[in-house]
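Only one structure is covered here, and it is reproduced in the block below.
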Amino acid sequence: MELLSGGDILIRALTDVKVKHLWGYPGGAALHIYDAIFRQDNLNHILMRHEQAAVHAADAYARATGEVGAALVTSGPGATNAITGIATAYMDSIPMVVISAQVPQEKIGEDAFQEIDMIGVSRPTVKHSYMVKRPEDIAETIAKAFYIASTGRPGPVVVDVPKDVTDPNNKVAYKFPEKVKLRSYQPTTRGHSGQIKRAVNLLISAKRPVIYSGGGVVQGNASEQLRALAHRLNYPVTNTLMGLGAFPGTDRQFVGMLGMHGTFEANTAMHHADVILAVGARFDDRVTNATERFCPSAKIIHIDVDPSSIAKTVRADIPIVGPCDVVLSDMLDQIQQADLQIDEPAIGEWWQQIEEWRNRHGLYTASRYEPSEGENIKPQDVIKTLHKVTKGEAFVASDVGQHQMFAAQYYLFDKPRQWINSGGLGTMGFGLPAAMGAQMAYPDANVACVTGEGSIQMCIQELAACTQHQLPVKIIILNNQALGMVKQWQDMQYGSRYSHVLYEDSLPDFVKLAEAYGHVGMKVTHYDQLESSMEECFAMKNRVVIMDISVDQHEHVYPMHVAPGSMRDMWLSKTERT
Amino acid sequence: MKRLISVLLENEPGSLSRVVGLFSQRGYNIDSLSVAPTEDTTLSRLTLTTVGDDHTIEQITKQLNKLIDVVKVIDLSEGVHIERELMLLKVKASGAARAEIKRSVDIFRGQIVDVGQTTYVVQIMGESTKLDAFIEALGDAPILEVVRTGVCGLMRGEKSLKV
Ligand SMILES: Cc1ncc(C[n+]2csc(CCOP(=O)(O)OP(=O)(O)O)c2C)c(N)n1
Ligand SMILES: [Mg+2]
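Chains as they are written, first to last, in this note's numbering: chain A, 1 to 578; chain W, 1001 to 1163.
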């Protein structure tokens, strides 16, 4: 049997779990590991410029591919810098393993240089964590970490590795476990057949149904099953912010995103629904508005692989614990086999009603904002142009703010994993490293980072890593000269008292900034230039391009839930309310 | 409502902190907690008492089950069960009070396990309410120290919490 040092074992084990890219940043406690990386070429290490970005990139790589993302950071500040990234992945249930180096075991507890209790600090943000105590345990721990991260409800796992465990002078036998088994962890693999039967019966008898699908459908690779079921039933489908793309954005049955900034038709249909099929969604507060006024006449079927998501905020009439793909195809099978028929006349009427809502206040059918003109570029039009120029096929990684909501509303995602955003934690700074993660996974694809002039400055340093690793992402800044989303709330709730949302002429020249990093910078101030500039931008296949687009500084994101209220209580513009 | 929840936990470093952390992170109370390894030393048995409505307790048990180190969870208060808690109590005992305290200890079927010149150490075992009642019964006698183990419990009958 081969004898290897702990450092070598770690890297070997990572390749044995099929890791191709490891996003990281070195430091003292990680030196042995980095030396092991130097001496091999199976694993591609990507040196980022900040650990937060390394973790975001690993996370986005996982979101774009469905594989487990992997990141490596040093102890102390490296580990604490990683926390925002880990928490971001945790909130969105992303499979990821973060390896943090740790001070040698004999120093633990002594407040040694760059010591931090990573297991303790990361605890509320991980699915699980391990500290490895002996080189003999590394391979098995890595195998377990990847198994836990990727099964059941996915999530990040931290593996903390003290420096002595990777000592090059201590060599032990390498053995990668063939199978991982944990007596205390057995994720559900099928839904309860009795519950599924009840659900099918309820669903088929619905008169005003809505299918409400979330990130679980994307992460659980259940989009195909969702599409098949929805088309068989001819029921309307709404996606959460995390679920966009799980059902095609351009499908006739798609009524748009729901929730705080959901469409009028999606939110109103939810409110009036008699049966809601919630799948891979968690009735998050950004979806439901006030839970006690949530969808008063609806019976709820809730499918989720995580039992604790069911009945957490809203009670479910028929809970089904199980993976979305398996449960949805079981439901479809039952419907097909028994040749069950929907209530055609009722569903016909329901669609008529929905079309009426769509035509009245729809995001895509009615005019929801003043059109762009001259120097007044509307942020919505930037996203529509992006959709047009990239033929709706780009990976869109977003930051957090108004630009994120405009991207979610107006880029009609037809495929799952195309839309990559921090929904649960809402982490500004996510966008650029996320775009890099997607670009690494799909080198030939168009990858856009839709961002604001605020958010982009939170991980701007990664422009350098884009150069080093040839990641030609396109950065689309919707520059409204403000922390727009916060400003919108200040407009709506604080009498437009703009407390610390403006920069007082301190914004950098993004064109020069791009150039300083060796990239291309473009400034767009006139609507007439928008489409042609964007064409030009995406034509530069191998270049990172920053498009600094001046957009209307006064635009708000609508619809917006009136809180506290029900799903149908919305502001539709600065002056109209439902 | 008061609930008694029993957890079978991998006896791993940090597993207890995951349970305790879960409670503070999600805003659940822990009123008492007792934990020790079982006959199988790879497992710990943890018993905790908490207060919450049905919805909260459902979430607590689900969230506990979600922890990777948790092997099994049972809400003992759902069925017939035995619960016990041990209390040691140091009380000022001099003069006439000495006999008075002794009488109370006997009534509660406790023991005096240490006798000082002016103090007793009393041991009482039983359900928490009995321990509370004993403290009540001491009346004016000055209590110097109280230590309680927290509640532990088992289901009655054939059923058991096993891997
Ligand atoms: C790390 C972090 N800090 C603060 C916030 C709060 N926040 C949410 S949106 C927003 C403004 C974002 O500004 P910008 O990136 O310019 O986007 P805009 O809303 O203007 O489109 C802020 C500060 C956050 N989400 N994340
Ligand atoms: Mg802005």
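Quick reminder that beta carbons are idealized off the backbone N, C-alpha and C, glycines included.
When the options are compared against residue i, the one with the closest alpha-carbon
i, options, result
"W:Phe1134", "W:Glu1085, W:Gly1116 and W:Glu1158", "W:Glu1085"
"W:Glu1158", "W:Gln1123, W:Asp1140, W:Pro1142 and W:Val1080", "W:Val1080"
"W:Met1125", "W:Gly1027, W:Glu1083 and W:Glu1078", "W:Glu1083"
"W:Lys1072", "A:Leu182, A:Ala290 and A:Asp509", "A:Leu182"
"W:Gly1027", "W:Thr1050, W:Asp1106, W:Val1070 and W:Phe1108", "W:Thr1050"
"W:Leu1046", "W:Asn1011, W:His1055 and W:Lys1062", "W:Asn1011"
"A:Val55", "A:Asp343, A:Ser308 and A:Gly431", "A:Gly431"
"A:Lys574", "A:Val73, A:Pro559, A:Pro26 and A:Arg63", "A:Pro559"
"W:Arg951", "W:Asn1065, W:Leu1016, W:Val1020 and W:Asn1029", "Nothing about residue 951 of chain W can be reported from this structure: the residues present for chain W run from 1001 to 1163 only."
"A:Cys537", "A:His554, A:Ile476 and A:Pro508", "A:Ile476"
"A:Asp284", "A:Gly243, A:Phe247, A:Pro248 and A:Glu515", "A:Gly243"
"A:Gly280", "A:Thr291, A:Asp304 and A:Glu292", "A:Asp304"
"W:Val1007", "W:Val1035, W:Asp1053 and W:Gln1025", "W:Val1035"
"A:Phe510", "A:Lys523, A:Val501 and A:Tyr503", "A:Lys523"
Distance CB(residue i)-CB(residue j) smaller than 8 Å
i, j, result
"A:Val17", "A:Ile142", "yes"
"W:Ile1005", "W:Leu1076", "yes"
"A:Ser122", "A:Gln225", "no"
"A:Ala206", "A:Asp274", "yes"
"A:Met257", "A:Thr263", "yes"
"A:Val159", "A:Ile86", "no"
"A:Ala13", "A:Phe113", "no"
"A:Leu478", "A:Pro379", "yes"
"A:Pro135", "A:Asp35", "no"
"A:Gly214", "A:Arg282", "yes"
Span of the alpha helix (DSSP H) around residue i
i, result
"A:Val333", "In the sequence as displayed, the identity of residue 333 of chain A is Asp instead of Val. First-last of the alpha helix (DSSP H) with A:Asp333: Cys324 to Gln337."
"W:Arg1131", "According to the sequence displayed, residue 1131 of chain W carries Leu and not Arg. That run of the alpha helix (DSSP H) goes Ser1128 to Ala1137."
"A:Thr65", "Glu51 to Thr65"
"W:Ile1057", "Asp1054 to Lys1066"
"A:Glu462", "Glu462 to Gln468"
"A:Gly521", "Here A:Gly521 belongs to no alpha helix (DSSP H); instead the beta strand (DSSP E) covers Val520 to Val524."
"A:Leu340", "No alpha helix (DSSP H) holds A:Leu340; DSSP gives it neither H nor E."
"A:Arg286", "Asp285 to Thr288"
Cβ-based burial, residue i [other Cβ within 10 Å; buried from 16]
i, result
"A:Thr240", "buried"
"A:Lys487", "buried"
"A:Gln102", "buried"
"A:Phe294", "buried"
"A:Asn421", "buried"
"A:His302", "buried"
"A:Gln219", "buried"
"A:His21", "buried"
"A:His261", "buried"
"A:Arg497", "exposed"
"W:Leu1043", "buried"
Other residues of its chain near residue i: CB distance less than 7 Å, five sequence neighbours each side excluded
i, result
"A:Ile116", "Ser75, Gly76, Ala79 and Thr80"
"W:Lys1092", "Thr1118, Thr1119, Ala1141, Pro1142 and Leu1144"
"W:Ser1128", "Glu1085 and Val1151"
"A:Met485", "Gly401 and Gln402"
"W:Arg1156", "Val1080, His1081 and Ile1082"
"A:Ile354", "Pro236, Val255, Glu265 and Ala269"
"A:Lys541", "Pro472"
Nonlocal neighbours in the same chain, by C-beta distance under 6 Å from residue i, ignoring five residues either side
i, result
"A:Asp306", "Arg153"
"A:Arg577", "Trp571"
"A:Ala621", "Here chain A covers residues 1 to 578 and nothing more, so residue 621 of chain A does not appear."
"W:Val1146", "Leu1089"
"A:Phe413", "Leu244, Gly245, Gly249 and Trp419"
"A:Gln15", "Position check: residue 15 of chain A holds Thr in this sequence, whereas Gln was assumed. The answer, listed in chain order, is Asn42 and Leu43."
Residue range of the unbroken beta strand (DSSP E) whose run includes residue i
i, result
"A:Gln102", "Met96 to Gln102"
"A:Gly214", "Careful: A:Gly214 lies outside any beta strand (DSSP E) and carries neither H nor E."
"A:Phe430", "Taken as a continuous stretch (DSSP letters only), A:Phe430 belongs to no beta strand (DSSP E), as it is neither H nor E."
"A:Tyr130", "His128 to Met131"
"A:Phe254", "Phe254 to Met257"
"A:Phe395", "Phe395 to Ser398"
"A:Gly24", "His21 to Gly24"
"A:Ala278", "Val275 to Val279"
"A:Ala173", "Lys171 to Ala173"
"W:Cys1152", "Cys1152 to Met1155"
8 Å CB neighbourhood of residue i in its chain, flanking five on each side removed
i, result
"A:Glu106", "Asp164"
"A:His231", "Gln253"
"A:Leu3", "Lys171, Val172, Ala173 and Tyr174"
"A:Tyr627", "Residue 627 of chain A lies beyond the range of chain A shown here (1 to 578); nothing can be said about it."
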